[in-house]
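Engineer: One structure follows; several queries about it will come next.
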Amino acid sequence: MLSNIGNILITLNIIITLFIVYFALIHLKENNKFISDKIYKFSLYQTTISISCFLTLVLAFIYSDFSLITVFQNSHSLKPLFYKISGTWGNHEGSLLLWINVLVIFSYLFLIFNRSFNSKYLIYSLLSQNILILGFLFFLFFNSNPFSMIIPIPTEGLGLNPILQDPALAIHPPLLYVGFVGSSIYFSAAIGSLLSNFRGNLFAKSIKKWVLISWSFQTLGIICGSIWAYYELGWGGFWFWDPVENASLMPWFAMTALMHSVLVLEKRNSLYFWVIFLCLLTFILSVTGTFLVRSGILNSVHTFANDPSRGLYILVFLSLMIFFSINIFFKKYKKENSIFNINSKETYILANNWLMAFYLITVLIGTTYPIFTEVLSQTKISVGPPFYNIVIIPLVIPLLVLMSIGPNISWIRGNFKNLLKLVLILLLAIFVNIIIYLFFQKHSLLSSLLIISSIFLIIYTFLDLIKFIKKSSKINFSRIVSHLAFGFLIFFININHNFSIEKDFNIKVGQEKVFDNYKLKFKSLEIKERKNYKAVIGLFDITDMKEALVKELSPEIRIYTQPETLTYEASIKSNVKRDLYLTMSNISQSEFYNIKFQKKPFMIWIWISALIIALGGFLMVFKKEKKYEN
Numbered sequence: 000m001l002s003n004i005g006n007i008l009i010t011l012n013i014i015i016t017l018f019i020v021y022f023a024l025i026h027l028k029e030n031n032k033f034i035s036d037k038i039y040k041f042s043l044y045q046t047t048i049s050i051s052c053f054l055t056l057v058l059a060f061i062y063s064d065f066s067l068i069t070v071f072q073n074s075h076s077l078k079p080l081f082y083k084i085s086g087t088w089g090n091h092e093g094s095l096l097l098w099i100n101v102l103v104i105f106s107y108l109f110l111i112f113n114r115s116f117n118s119k120y121l122i123y124s125l126l127s128q129n130i131l132i133l134g135f136l137f138f139l140f141f142n143s144n145p146f147s148m149i150i151p152i153p154t155e156g157l158g159l160n161p162i163l164q165d166p167a168l169a170i171h172p173p174l175l176y177v178g179f180v181g182s183s184i185y186f187s188a189a190i191g192s193l194l195s196n197f198r199g200n201l202f203a204k205s206i207k208k209w210v211l212i213s214w215s216f217q218t219l220g221i222i223c224g225s226i227w228a229y230y231e232l233g234w235g236g237f238w239f240w241d242p243v244e245n246a247s248l249m250p251w252f253a254m255t256a257l258m259h260s261v262l263v264l265e266k267r268n269s270l271y272f273w274v275i276f277l278c279l280l281t282f283i284l285s286v287t288g289t290f291l292v293r294s295g296i297l298n299s300v301h302t303f304a305n306d307p308s309r310g311l312y313i314l315v316f317l318s319l320m321i322f323f324s325i326n327i328f329f330k331k332y333k334k335e336n337s338i339f340n341i342n343s344k345e346t347y348i349l350a351n352n353w354l355m356a357f358y359l360i361t362v363l364i365g366t367t368y369p370i371f372t373e374v375l376s377q378t379k380i381s382v383g384p385p386f387y388n389i390v391i392i393p394l395v396i397p398l399l400v401l402m403s404i405g406p407n408i409s410w411i412r413g414n415f416k417n418l419l420k421l422v423l424i425l426l427l428a429i430f431v432n433i434i435i436y437l438f439f440q441k442h443s444l445l446s447s448l449l450i451i452s453s454i455f456l457i458i459y460t461f462l463d464l465i466k467f468i469k470k471s472s473k474i475n476f477s478r479i480v481s482h483l484a485f486g487f488l489i490f491f492i493n494i495n496h497n498f499s500i501e502k503d504f505n506i507k508v509g510q511e512k513v514f515d516n517y518k519l520k521f522k523s524l525e526i527k528e529r530k531n532y533k534a535v536i537g538l539f540d541i542t543d544m545k546e547a548l549v550k551e552l553s554p555e556i557r558i559y560t561q562p563e564t565l566t567y568e569a570s571i572k573s574n575v576k577r578d579l580y581l582t583m584s585n586i587s588q589s590e591f592y593n594i595k596f597q598k599k600p601f602m603i604w605i606w607i608s609a610l611i612i613a614l615g616g617f618l619m620v621f622k623k624e625k626k627y628e629n
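Letter 197 of the sequence shown, counting from 1, is numbered 196 in numbering that gives the first Met the number 0, and no numbers are missing.
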């Protein structure tokens, strides 16, 4: 029943999308000044059917309709309802359907909210977006149909990968998809702008909020994935430069550069082709990341739905998209005579862009280089955190300085009248760094420079916040929020990285282990039956001998029956100062267990800072903008 409904809805969606493409071409041929009501109506039909199709799949998961192959392979009747629903997008077919929904919804909203702009520009943008939608709809229908049936119908499903059964990872993919796929709309808008010759600040105005929306959701998605990896995978950190993590980070760098460049185009009518290039690049990187993950080329614990045949389709689609978009770009490209004063806001933004480009290229090389070495020399290598930390981290320092000074510099030409203020803030930052050094008794030049520059950003931006509260000047509050949070993020990351404690050892029930200022006692084991797994729980007392505090930690080994899987759950005790982090794994044919203990200073503040950065983006979305005449 649901299979037939789903297939009918996909077919209808393809037909309606073809109609939208047809009406768009008619509009361009007749050179109409106003967009036809048919286009608005069919875009609404398209959105309604697309959402209905996705909800049909959700219902199939809720009611455990194992007649669908996708439900059979990724669900189980004993699963909690929340994970039945999240299982909808915890697989290739469902995630692709969600991907299409985001494409369609953004297409409709862009058309509705930008209807006051040039109609030719909107139609070209709509046409480009719907060609993308068609490509993914055909892929869905012929290669990855979530409504394909299995006969005979099984009585029970295989279940969802246990490590996907987690609240953070349940919301991580939808957030990330809005970021990834949301970038498609300004990719299409860039194509529309080039073909319609719709340029300047009006173009910047038309895409600004969409860039902010996708950037904010991308940021949230990355944070949720990072939090999940922290407590689920047993790594004990916030970022490990895993290839799949990198696949989400590369478009984020491009989005960040684009978000700032749009401001220059809006205010100064400069960097138009650079903005266009970043619009194209962001979505291309999003699809590239999808290809790398889905194809199985990248080996990662984050990879759950890889299929080389499907990856090949995405590769072909990606190649065509790159070819046609770049071809249009170079046909329309004209050299811009953008000469900026060295001490102007636009120069600082451009410098920010070049740093983002450097970070992006570094991550791209580090992620893809092992692929090429394996193909060329049959040698497997890995590029790990040391490479990224050595190359990228030193260049975070100039970024922090640019973020501090740049927003307070005037457009066109600034001045150095606040030189004394800069010196005083710098001296205060150095003083704070000295206190931190005396407290922790650890030191490195790079660490000190990072601490100084992050504190410099915090103080400088905090002074802007005071100005905003006093209403003494017109200051962008959303910028203050994001920049202030970013300063704290880098500060806490640096402290966390340099002053963490990590111990790895084997121990059995009843034994104690003393290290640094801690004593760990393995008290007992408990075995408990849960709804869809059996838990082996270790009970530990961790004593802080310095503060005379005792905390109980209880890491778990979970044994899932459907599918048969072992997972290792960390036990974490958090407060505002630190996380105590403990994982336990069994040693085969032994009474000993491998224990990994970590003390992570200020971990909670890393998550809070990152969330506030995303909040700043959302605040900017809802900021009241000046109206422009079309």
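All residues carry an ideal CB built from backbone N, CA and C; glycine is no exception.
#1: Identify every residue that forms a DSSP beta bridge with residue 524.
#2: Between the beta-carbon of residue 221 and the beta-carbon of residue 182, is there less than 7 Å?
#3: Considering only the alpha carbon of each residue, which of 103, 506, 485 and 255 lies closest to residue 458?
#4: What are the start and end residues of the alpha helix (DSSP H) that includes residue 550?
#5: In angstroms, rounded to a whole number, what distance separates the CA positions of residue 94 and residue 476?
#6: Examine the Cβ distances between the region 258-276 and the region 315-322 and report whether three or more of them are shorter than 8 Å.
#7: On a CA-only basis, which of 336, 584, 285 and 329 is nearest residue 314? Give me that one, please.
#8: Need the endpoints of the alpha helix (DSSP H) that residue 99 sits in, please.
#9: To the nearest whole angstrom, what separates the beta carbons of residue 118 and residue 37, a pair I think is in contact under 8 Å?
#10: Flag this pair as yes or no: are the beta carbons of residue 253 and residue 281 separated by less than 7 Å?
#11: Kindly indicate the opening and closing residues of the alpha helix (DSSP H) around residue 260.
#12: CB residue 481 to CB residue 615, shorter than 7 Å?
#13: According to DSSP, simplified to helix, strand and coil, what is residue 499?
#14: Taking C-beta to C-beta, are residue 501 and residue 588 nearer than 7 Å?
#15: Whole-angstrom Cβ separation of residue 349 and residue 357, contact assumed at under 8 Å?
#16: Below 8 Å on the Cβ atoms is my guess for residue 19 versus residue 175; work out the distance and round it to an integer in Å.
#17: Can you tell me which of the three DSSP states residue 585 falls into?
#18: Just mark residue 492 as buried or exposed, buried being the case when its beta carbon has 16 or more other beta carbons within 10 Å.
#19: Going by CA-CA distance only, name the one from 265, 186, 236 and 104 that's closest to residue 604.
#20: Let me confirm a value: residue 629 is counted as buried when at least 16 other C-beta atoms fall within 10 Å, else exposed. Which label applies?
#21: Could you give the residue range of the alpha helix (DSSP H) that holds residue 357?
#22: At the level of alpha carbons, what is the spacing between residue 527 and residue 406?
#23: From what residue to what residue does the beta strand (DSSP E) around residue 630 run?
#24: Helix or strand or just coil, what does DSSP make of residue 148?
#25: How long is the line joining the alpha carbons of residue 120 and residue 595, rounded to whole angstroms?
#26: CB residue 550 to CB residue 579, shorter than 7 Å?
#27: Can you tell me whether DSSP reads residue 83 as helix, strand or coil?
#28: On the criterion of 16 or more Cβ atoms from any shown chain inside 10 Å, does residue 426 qualify as buried, or is it exposed?
#29: So, with DSSP's three-state summary, where would you put residue 628?
#30: Going by beta-carbon coordinates alone, are residue 390 and residue 361 separated by less than 7 Å?
#31: Note down, in chain order, each residue of its chain lying with its Cβ closer than 6 Å to the Cβ of residue 447, except the 5 sequence neighbours on either side.
#32: For a quick check, are the C-beta atoms of residue 556 and residue 575 less than 7 Å apart?
#33: According to DSSP, is residue 164 part of a helix, a strand, or is it coil?
#34: Can the beta-carbon of residue 139 be found closer than 7 Å to that of residue 55?
#35: Which runs of the alpha helix (DSSP H) at least 4 residues long sit entirely within the region 410-484? Give them in chain order.
#36: Helix, strand or coil: how does DSSP classify residue 401 here?
Structural biologist: If we stick to the structure as given:
#1: Beta-bridge pairing links residue 524 to 537.
#2: no
#3: 485
#4: Residue 550 -> not in any alpha helix (DSSP H); beta strand (DSSP E) instead, spanning 548-552.
#5: 35 Å
#6: The answer is no - the region 315-322 does not touch the region 258-276, with fewer than three Cβ pairs under 8 Å.
#7: 285
#8: Residue 99 -> alpha helix (DSSP H) spans 91-112.
#9: Their Cβ separation, rounded to whole angstroms, is 14 Å, which puts residue 118 and residue 37 out of contact at 8 Å.
#10: yes
#11: 242-267
#12: yes
#13: coil
#14: no
#15: The pair is not a contact, with the Cβ atoms about 13 Å apart (cut-off 8 Å).
#16: About 27 Å; that fails the 8 Å criterion.
#17: strand
#18: buried
#19: 236
#20: Confidence at residue 629 is low in this model, with a pLDDT of 46, below 50, so the placement of that residue should be treated as unreliable; the coordinate-derived value is given next. Exposed is the call here.
#21: Run containing residue 357: 344-376, per the alpha helix (DSSP H) assignment.
#22: So the alpha carbons of these two residues sit roughly 56 Å apart.
#23: Only positions 0 to 629 of the chain appear in the structure, and residue 630 is not among them; the question remains open.
#24: In the three-state scheme derived from DSSP, where H, G and I count as helix and E and B as strand, residue 148 is classed as strand.
#25: Rounded to whole angstroms, the separation of the alpha carbons of residue 595 and residue 120 is 57 Å.
#26: yes
#27: helix
#28: exposed
#29: A caution first: residue 628 carries a pLDDT of 46, below 50, which makes its placement in the model unreliable, though a value can still be read off. Of the three classes helix, strand and coil, the one that applies to residue 628 here is coil, per DSSP.
#30: yes
#31: 432
#32: no
#33: The answer is coil: DSSP assigns residue 164 none of H, G, I, E or B.
#34: no
#35: Given a length threshold of 4 residues, each whole run of the alpha helix (DSSP H) inside the region 410-484 is given here in chain order: 418-439 and 444-469.
#36: helix
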